[in-house]
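Before any comments, here is the structure.
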Amino acid sequence: MTTTATELHKIESLIPGIEFAKAIELFAAEAKLHNLTLEEITSTHYRVNSPVGMVEFLKADAEAKLVISAPSQEALHLVKESVEHLIGHIDINIPPQMVWSGDFTAGVHPPNFLEVQVVRTAAFSSNFIRVTVAAKGIERFFEGGLHFRLLFSKNLGFEARWPYWDDKGRTVWPEGDYELMRPVYTVRQFDKSAQTIDFDVFLHEGGPTAEWAARVNEGDKVGLLGPGGGWIPEARYLLLAGDETAIPAISRVLESSPAGTKGAVIISVSKKGMEAPIPLPETMSFEWVYRDTHGHDGLFEAAKQIEIPEVQEAFLWFAAEKKTAKKARKYFRNEVGFKADNCYIAGFWEEE
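Using the working numbering, read the sequence shown as starting at 4 and increasing by one per residue.
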């Protein structure tokens, strides 16, 4: 799906402090990473079309003006946040501050935010707790993305305050005692009739979300941002590999894949005895890899040993520690031949 500016929500802003040519160079490289194309309309007008929305770049004197268009407020916000994240990481002395104008309302929560209520928590293994939350409007998390951000107060003794838009279209986040944690989680299951979703929290020592999950009570309020982060891969053959942090997503993919789908599943855990239940189909092979004997790269090495019948008809899903994921991306993209449209390789966390 592509988008056209005539039917869409729109916002715009200058990118202060960055020359037009530099902005075009930066976004061309970023578009390529996401299997998109920065299209030259004229020498002063470029655009990127995506399934979510459209970003246009117009020359304004020496600077670049951004115009973002999308079919919904949620999609508009998602594209805007992605653009701001990229611009915020540009290597210049002063990160540019965007001043947006257009289709937004100051003082309201971002359109992809939803406050939900905890319904219940339940341990289903020695190292996972399942949390169930409910809210009116939660049905958007049933599809459109596997992942979301969970928002709760970093200081568990303080009632959470939620983000909002200021008059410049920027998202304002609580600070100080009211700072929010924003970890990414997977929608593990959902119940349409009850209007609930479940997500699984891995219990590791020192983890702030693990501490929150152990203390949270029925009726407590938390926030969700999303959904986002890809969808269920469709392929004749699946290679799914990840550590504990990837177990919820891998399990969701396995339960959602058509009957008869072939493939291999490899999961890395710290040591024997730390396994968790996996809904494995009979048509797929399975292997546990233990990091106390094989290290973080044991997952990558095990994945390399899998004989993939036809790469062009397969899908690779790999998520683990960032350094391991980087090695996997280089190998499977450059040597095996996976492309951007039939693989997902992500670093879910970083070893200190």
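Cβ atoms here follow ideal geometry from the backbone N, Cα and C, with glycine treated the same way.
| Query | Result |
| --- | --- |
| Can you give me the Cβ contacts of H299 inside the same chain, cut-off strictly under 6 Å, excluding the 5 residues immediately before and after it? | E324 and T327 |
| Beta-carbon separation of L183 and K157 under 9 Å? | yes |
| Do you know how far the Cα of R152 is from the Cα of A138? | 16 Å |
| Quick one, which of R336, R332 and F341 has its alpha-carbon nearest G350's? | R332 |
| Return the bridge partner residues of T124 from the DSSP annotation. | V134 |
| Looking only at its chain, what residues have a beta carbon closer than 8 Å to the beta carbon of M4, apart from the 5 residues adjacent to it on each side? | At M4, the pLDDT of 41 sits below 50, so the modelled position is not reliable; the number obtained from the coordinates is stated separately. Excluding sequence neighbours, M4 sits near P54. |
| Could you pull out every residue in the same chain whose Cβ sits closer than 7 Å to the Cβ of L149, ignoring the five residues on either side in sequence? | T189, V190, G232, G233, W234, A252 and R255 |
| Excluding the 5 residues preceding and the 5 following I44 in the sequence, name in chain order all residues of the same chain whose CB lies nearer than 7 Å to its CB. | R50 |
| Just tell me which of E178, V134 and S16 has its CA closest to the CA of T212. | V134 |
| Give the secondary structure of K325 by DSSP, where H, G and I count as helix, E and B as strand, and everything else as coil. | helix |
| In three-state terms, what does DSSP make of M4? | Confidence is the limiting factor: at M4 the pLDDT is only 41, short of 50, which leaves the residue's position unreliable, though a coordinate-based value still follows. Three-state DSSP puts M4 in coil, outside helix and strand. |
| Measure how close the beta-carbons of L319 and F341 come, nearest whole angstrom, since I'm counting them as under 8 Å. | 5 Å |
| Answer with buried or exposed for A343, where buried requires no fewer than 16 other C-beta atoms within 10 angstroms of its C-beta. | exposed |
| Kindly indicate which three-state DSSP category I200 falls into: helix, strand or coil? | strand |
| Below 9 Å between beta carbons: does that hold for M57 and S75? | no |
| Threshold first: 3 residues or longer. Then list the beta strand (DSSP E) segments lying entirely within the segment 273-349, N to C. | 287-293 and 317-324 |
| Taking C-beta to C-beta, are E146 and P19 nearer than 9 Å? | no |
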